[in-house]
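>
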Amino acid sequence: MMKVEWKGGMAFEATGANGESFVMDAHPDHGGEDGGVSPVEALLAAAAACSGMDVVSILRKKQQKLTSYRIEVSIERDPPGEWPRPIKKMSVRHIVQGDGLDEAAVARSIQLSDEKYCTVLATLRLSPQIESTYTVE
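If you count the sequence shown from 1, position 107 lands on 106 in numbering that gives the first Met the number 0, and the numbers rise without skipping.
#1: Rounding to the nearest angstrom, what Cα-Cα distance links Val3 and Ile109 in this structure?
#2: Is the CB-CB distance between Val95 and Tyr68 below 8 Å?
#3: Where does Met143 land, buried or exposed, given buried means 16+ other C-beta within 10 angstroms?
#4: Out of curiosity, what's the CA-to-CA distance linking Arg76 and Val119?
#5: Closest by CA to Met9, which one among Asn17, Glu19, Gly34?
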């Protein structure tokens with residue numbers, strides 16, 4: 000279970016089952032202090048990291064030697080002021096470097112992540128049902 004606790008202002012601290020945490024905050028224009036990534040940025044980072052972990056794992060199994068790897072995620076959404084501004088398009092760009100990397104192995108690794116392994120991307124494609132409940136203590 001992921002627990003998310005309000006830290007004042009617009010800041011929230013997310014803590015995973017392993018006890019590791021990170022902070023999300025809003026831009027000052029939206030009442031925050033830029034004390035962390037925005038929730039949308041956290042979502043994009045989760046998608047990139049999920050896919051990236053798959054790709055690294057698959058490339059290792061293929062004996063490919065990565066020396067550098069970054070993932071850039073860009074999105075298209077409605078302009079500011081129109082709510083809720085859902086993400087309409089997400090582009091995930093993998094930039095890899097390595098000694099003698101086989102381009103076909105890289106392409107296949109990314110394809111396997113996209114189509115078979117990455118839970119975050121699969122969830123975004125599925126558009127799962129969301130249920131909100133509450134408790135007043």
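Here a beta-carbon is modelled for each residue, glycine too, at the ideal position from N, C-alpha and C. Keep in mind that this is a model prediction, so the values were computed, not measured.
So, to answer that:
#1: When rounded, the distance between both Cα atoms is 31 Å.
#2: Result yes, Cβ atoms of Val95 and Tyr68 sit closer than 8 Å.
#3: This structure does not reach residue 143, given that the chain is present from 0 up to 136, and the question cannot be answered.
#4: Distance from the CA atom of Arg76 to the CA atom of Val119, rounded to whole angstroms, is 19 Å.
#5: Residue Gly34 is the option with its Cα nearest to Met9.
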